[in-house]
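Chains as they are written, first to last, in my numbering: chain A, 1 to 527; chain B, 528 to 1054.
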């Protein structure tokens, strides 16, 4: 954290006014890094043709969050010391007293507090009870309407379901993502960047009917390190997880694999990453099952969660708004062309032909299936033989898998996992500055060359940092500390043959490159 | 607006619950377009070496906004109908009754209302008075601290001044930008995307000592269309504006020119863009002078503002926080080396030499001036002759020019200026989708080729839209309507010679390109 502040990644917010717990500012480097993480995340999700992004308000009228269950159930247990008046999250106080505070039911928590086992960390007084504390920031819209700051970006997506269904031309499955601020009015946040009152989140709501994932084949051999609710830690392939029925929904497994790959690409150490299943008591009110991606910092910390929200949210909004979010289940069927009947009968005999036709006409296909030919009992029917038509199979409410990411925690964990001995070994794509650009000495000609390189790379959208201050070793060290993967130095040889050196942060070696090839080389190094 | 909604740019928020005035959702296309505008804006600002971005909380403790003057002065005049209880912004009611409601002092506004000239638009009742309405959304932080949603991103920057000054190694001038949400709890917003309660803003705070802008030379011949507080509309070059003393600060003019260039590049029609100077009564409490960039829609609408905030904000926070934001004015001076004195005396004679030395040693230079040689009275002194040192010239509080942009209004104005006869003629850089990709017919081979092209461009980060539905003319029309500048069609010839057609939205003509050159061609078209 000291490094974060000194180097301009993150600052405690409102510090000149004594600060406010749970709020942070991103400085120049932090803000660049945050944007890189968000853009990488977008690449993972939005490269899928059936994903789109939306951006909704953070201020939300009460009706919406009443319907979603947040007004009534987005609470935490709070304990207030009768003597010194300090307030604490009950779960925070239970750590060290019970093994897994998250697994406890509300009554069990109350009982422990009433038993007098828990004492105030500040003054030593015994706590006597817990109460619930509402975690949404409340406000008024206009003169008198009650509103809240959104506790998640998800609700903005759910209530837009019809708009998005229309955008995707009424075809499931599809996913909607949103990146933006979320809010949680924590009682008394004490854990730096981990427990924030205002945070940056990236969420995806994936709507589907059929829980079989077409892309599952591609990821079935990828391994995940799992920590299930019952049993101990285990590393399994996606296919094994599905076969063992540990996770019933293929999309949930698919997004867990995607989450793993995204996090590792962003710089999370694979050895310090696992997926932990929520306890039943721990799950949010809308979840049927939830697996958290956890990173090991001083302790295991949740940095993403992949939840099966089922139809909870859409149903809740149907109920409260009267809006119909159910959609038609459409299937494709075929009908043998009349003019082809004779030909088929001639070939197979009347009885067998009748049998084949009956069977093939009862088949159902995906609504967007490409039916160039159909194989049935080893007979191939070319598409000249049949017409295709759509049938409606009744209405239903789509189910939802939600991968949700805490951008601040991810950023902090990446810094934590990559800072060693004065070097921040960030992946080049995530590093805030890509190239340090230095003239070896403060000579006019060297400086002009270095400036020219800086401008060229800048124009290409490659973020550079120009530095002419101090020894070259000191300048390298400054770049190492903020994670810059490459440094370009202009020296005397540059003036002779137009070549510069590129120094690599991790290998600490150098190569010489001609200036005219440099932009190309830079792009390759960053690809 | 109908087009915006139908095509998935913008939706009124919370619509299934009856909506909430002043809140909008960005759909898929709107969200892509918004990101393109923000990234273009970033390119304009962050390509300057002395600019950096920060990202601060939207929830702000009361102390900060008390200090900045917002708690006391961020208000609007409200008028409430005694009969039907509707509330209105007083300025909205004054339109059509007086020429320029913005120019009126508070007392003049009260007088007009008391005179009974203004009637309720809903029920016809006479209004009798106006009162002030506070425009910040209020909330509580933790259990009881008062907080507000930020009315501007600027305050997060001001209170971080010391951190950012350190980040720039204590050298002025520098600029800090922030892109994010701002909030204004409007009384009863009735103007769609123009008067929002939650909006996206991009702001830059530029801190300086010396008001002479080094880059002014480069923009001195650029023209601005001005509408000054006094006098009529006039088009003038930057240099003329400065020479005529119409705007005293070179940086303010510089950022107005930059704003013009950014807006035109983003798609604002130059013929419907002007800069209007605020009336004295109209200016925010912190401003010494302010020029709004206005776009002509149904009426002239403010889409950006370039304000001279002077030292108001830093002084206010110094006063309230006790933190010292003043900085040292540093100048470089030189001293002739002792061992060179003799040489100079020999050359010019003792008296003249003494005179030259005295003069040259009293000169002051910028702290980062490159002093390879100094010319004085046509004599050139090479740097071997002198030592350089820094002198402190006393402390001061930096001044601020603030260019501030309403991203939503800009986006809406771009749509407004570019939608003609079913075609949305967006600049390629701003268009949400860059390429439509179509197989001419729904044939397996054509579809496979088209999918391949879609994937290739997607991997290059070029946003495409794959479409195989309907006639090719209809697909072109669909792309025209959402502003897609180029469409690629795979046809029978593709299968023979691997070439595809690229059709241009604006010229409506086509070229044939080989698939292997396509990615390169695409990049060029978008550059």
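Backbone N, C-alpha and C define an ideal beta-carbon position, used for all residues, glycine too.
Can you look up residue i in the DSSP assignment and give me helix, strand or coil?
i	result
residue 118 of chain A	coil
residue 948 of chain B	coil
residue 887 of chain B	helix
residue 536 of chain B	coil
residue 70 of chain A	helix
residue 1019 of chain B	helix
residue 733 of chain B	strand
residue 523 of chain A	helix
residue 370 of chain A	coil
residue 78 of chain A	strand
Which first and last residues belong to the beta strand (DSSP E) in which residue i is found?
i	result
residue 751 of chain B	750–754
residue 836 of chain B	827–837
residue 248 of chain A	Where residue 248 of chain A is concerned, there is no enclosing beta strand (DSSP E), given that its DSSP letter is neither H nor E.
At a CB-CB cut-off below 7 Å, which residues of chain A make contact with residue i?
i	result
residue 561 of chain B	55
residue 940 of chain B	Under the 7 Å cutoff, chain A gives no residues; its nearest Cβ is about 18 Å from residue 940 of chain B.
residue 985 of chain B	47
residue 1040 of chain B	The contacting residues do not exist; residue 1040 of chain B stays about 22 Å from chain A at best.
residue 591 of chain B	14 and 17
From what residue to what residue does the alpha helix (DSSP H) around residue i run?
i	result
residue 937 of chain B	934–945
residue 691 of chain B	688–694
residue 982 of chain B	971–986
residue 476 of chain A	472–481
residue 558 of chain B	555–573
residue 274 of chain A	Not the alpha helix (DSSP H): residue 274 of chain A falls in the beta strand (DSSP E), residues 273–277.
When you compare the CB of residue i with every CB in chain A, is at least one pair closer than 8 Å?
i	result
residue 598 of chain B	no
residue 848 of chain B	yes
residue 670 of chain B	yes
residue 844 of chain B	yes
residue 934 of chain B	no
residue 544 of chain B	yes
residue 912 of chain B	no
residue 715 of chain B	yes
How would you list, in chain order, the residues of chain B whose beta-carbon sits under 7 Å from the beta-carbon of residue i?
i	result
residue 31 of chain A	580, 581 and 582
Nearest chain B C-beta to residue i closer than 8 Å, yes or no?
i	result
residue 197 of chain A	yes
residue 61 of chain A	yes
residue 503 of chain A	no
residue 379 of chain A	no
residue 280 of chain A	no
residue 156 of chain A	yes
residue 27 of chain A	yes
residue 438 of chain A	no
residue 20 of chain A	yes
residue 159 of chain A	yes
residue 181 of chain A	yes
May I have the straight-line CA-CA distance separating residue i from residue j, to the nearest angstrom?
i	j	result
residue 129 of chain A	residue 819 of chain B	57 Å
residue 527 of chain A	residue 198 of chain A	33 Å
residue 619 of chain B	residue 548 of chain B	16 Å
residue 708 of chain B	residue 680 of chain B	8 Å
residue 70 of chain A	residue 210 of chain A	28 Å
residue 953 of chain B	residue 535 of chain B	16 Å
residue 241 of chain A	residue 221 of chain A	10 Å
residue 68 of chain A	residue 320 of chain A	9 Å
residue 103 of chain A	residue 281 of chain A	6 Å
Can you list the residues of chain B that residue i reaches, using a CB-CB cut of under 9 Å?
i	result
residue 466 of chain A	576
Any heavy atom of the ligand MN closer than 7 Å to the beta-carbon of residue i?
i	result
residue 952 of chain B	As presented, the structure is devoid of all ligands, the ligand MN included, so that no description of it is given.
For residue i, which residues in chain B fall below 8 Å Cβ to Cβ?
i	result
residue 138 of chain A	666 and 667
residue 372 of chain A	971
Whose Cβ in chain A lies nearer than 9 Å to the Cβ of residue i?
i	result
residue 655 of chain B	Result: empty, since nearest Cβ-Cβ is about 18 Å, beyond 9 Å.
Who are the neighbours of residue i on chain A, taking C-beta pairs under 8 Å?
i	result
residue 854 of chain B	Correct list: empty, because the minimum Cβ distance to chain A is about 15 Å.
residue 540 of chain B	56, 57 and 156
residue 536 of chain B	The contacting residues do not exist; residue 536 of chain B stays about 10 Å from chain A at best.
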